[in-house]
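S.K.: The sequence shown begins at 1 in the UniProt record's numbering and counts up one residue at a time.
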Amino acid sequence: MIDVSTEQILVSACAQVGLRADGASLLRAHSNAVFVIGDRAVARISRSPEHGIRADTAVAVARWLAQHGLPVTEPLIDRPVRCHGATVTFWRYYPQCDRPRPPARELGRILRRLHETAAPPFHLPRYEPLAGLLQTLAAAPRVLAPADRRWLIDQVARLVAEYDRLDSTLGVGPVHGDAYPGNTLWHGDTVLLGDWDEASIAPRELDLVNTYQGGIRFGHTENELREFTLAYGWDVRAWAGFPILRAMRDLHTLTSYIRRAERGDAAAGTELRHRLRSLRDPGQTGTRWHAVA
Numbered sequence: 001m002i003d004v005s006t007e008q009i010l011v012s013a014c015a016q017v018g019l020r021a022d023g024a025s026l027l028r029a030h031s032n033a034v035f036v037i038g039d040r041a042v043a044r045i046s047r048s049p050e051h052g053i054r055a056d057t058a059v060a061v062a063r064w065l066a067q068h069g070l071p072v073t074e075p076l077i078d079r080p081v082r083c084h085g086a087t088v089t090f091w092r093y094y095p096q097c098d099r100p101r102p103p104a105r106e107l108g109r110i111l112r113r114l115h116e117t118a119a120p121p122f123h124l125p126r127y128e129p130l131a132g133l134l135q136t137l138a139a140a141p142r143v144l145a146p147a148d149r150r151w152l153i154d155q156v157a158r159l160v161a162e163y164d165r166l167d168s169t170l171g172v173g174p175v176h177g178d179a180y181p182g183n184t185l186w187h188g189d190t191v192l193l194g195d196w197d198e199a200s201i202a203p204r205e206l207d208l209v210n211t212y213q214g215g216i217r218f219g220h221t222e223n224e225l226r227e228f229t230l231a232y233g234w235d236v237r238a239w240a241g242f243p244i245l246r247a248m249r250d251l252h253t254l255t256s257y258i259r260r261a262e263r264g265d266a267a268a269g270t271e272l273r274h275r276l277r278s279l280r281d282p283g284q285t286g287t288r289w290h291a292v293a
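1) What does DSSP give as the partner residues of His-187 in its beta bridges?
2) Excluding sequence positions up to five away, which residues of its chain have a Cβ less than 6 Å from the Cβ of residue 311?
3) Can you tell me whether Trp-91 is helix, strand or coil according to DSSP?
4) Around the Cβ of Thr-190, are there at least 16 other Cβ atoms within 10 angstroms (buried) or fewer (exposed)?
5) Go ahead and pull the three-state DSSP assignment for Gly-173.
6) For Ile-77 and Thr-89, what's the separation of their Cα atoms in angstroms?
7) Give me, in chain order, the residues of the same chain whose beta-carbon lies closer than 8 Å to that of Pro-95; leave out the 5 immediate sequence neighbours on both sides.
8) At a cut of 8 Å, does the stretch 218-229 reach the stretch 120-127 through at least three beta carbon pairs?
9) Could you check the C-alpha separation between Leu-185 and Ala-118 for me, to the nearest Å?
10) Closest by CA to Pro-75, which one among Thr-287, Gly-132 and Leu-193?
11) Could you tell me if Thr-221 is buried or exposed, where buried requires 16 or more neighbouring beta carbons within 10 angstroms of its beta carbon?
12) Fully enclosed by the stretch 6-93, which beta strand (DSSP E) runs are 3 residues long or longer?
13) Measure the beta-carbon distance from His-115 to Gly-69 and round it to whole angstroms, keeping in mind my assumption that it falls under 8 Å.
14) When DSSP labels each residue in this structure, what does Ser-278 get in the three-state scheme?
15) Contact check, Leu-19 vs Phe-35 under 8 Å by CB: the rounded distance?
16) Starting from the C-beta of Met-1, find all residues in its chain whose C-beta is less than 6 Å away, skip the five residues before and the five after it, and write them out in chain order.
17) Count Cβ pairs between the stretch 253-271 and the stretch 139-156 that sit closer than 8 Å; are there 3 or more?
18) Under three-state DSSP, which class holds Ser-200?
19) With H, G and I counted as helix, E and B as strand and the rest as coil, what does DSSP make of Arg-126?
20) Between which residues of its own chain and Arg-249 is the CB-CB distance below 8 Å, once the five residues before and five after are set aside?
21) Would you mind giving the Cβ-Cβ distance between Leu-65 and Ala-179, rounded to the nearest angstrom? I have them listed as a contact below 8 Å.
Printed below as a string of structure tokens:
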């Protein structure tokens, strides 16, 4: 099989929707490769099968929520493009112009509105906890020692079983699935929530835990967390299921680092080993982690 470059995929996908890829610049390359095209478009390219399946849902949910007045990033093209085994979605570009990340309280307000919104008139899949990590582990990545891979598989099995027994206080309904302040963007004075790849049906608490996990692992201040709590109107840390979802989030963050390390990203590999050491040591539950761009 010929290995088609991400840039070739971008050119082919742009041609299918009448855009020119000339001068496109790579914004980031984590679970998706994200390119800025000119001054109005963003292309998100995924070679992951599970992201490809979710792309139709992501576009449909974002469009539907925008039509209902929720502040979300909007698709530029209302259908994913599939080419060379990859899935490409096109979105409006929202330049950030070096502005600081939107405050966590804005995410709290958006999530409150989302969780008060009725289910859309189309199918939303059930949330599959840690499905992406399991798929990555099944490929037996060389960057993981066999003992670490076995430990992770066992942890996933334990947490999925615990997740299935959760007693939700907020109820089950439409969720973003990967809500944290890093998925928010400025649009003028408005804050938008983007990255809808994991939109699904799940306990609503799922959308709240990530911000608090970020406080533990990445140093969000107590004031930020307090403002987030007040904006949403409820503190998920008082809920009995919080430790389960927090542990799930810790593992969830490993997925893209394993994939990046497997592709030869040395910085991602170093951070992956740091996170694994802290996860396997019961005395390091509050160890700080570092986001690697």
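For every residue, glycine included, the Cβ atom is placed at its ideal position computed from N, Cα and C.
M.R.: Taking the definition as stated:
1) Thr-190
2) The structure shown does not extend to residue 311, since the chain spans only 1 to 293, so no value can be given for it.
3) strand
4) exposed
5) strand
6) 7 Å
7) Asp-39
8) no
9) 24 Å
10) Leu-193
11) exposed
12) 25-29, 33-37, 41-46, 81-83 and 86-92
13) In fact, because the Cβ distance is near 15 Å, the residues do not count as touching under 8 Å.
14) helix
15) So it is not a contact: roughly 11 Å between Cβ atoms.
16) Residue placement at Met-1 is flagged as unreliable, the pLDDT there being 35, under the threshold of 50; the coordinate-derived value follows with that caveat. For Met-1, where only same-chain residues beyond five positions count, there are no Cβ hits under 6 Å.
17) yes
18) strand
19) strand
20) Val-209, Asn-210 and Gln-213
21) About 13 Å separates the two Cβ atoms, so there is no contact after all.
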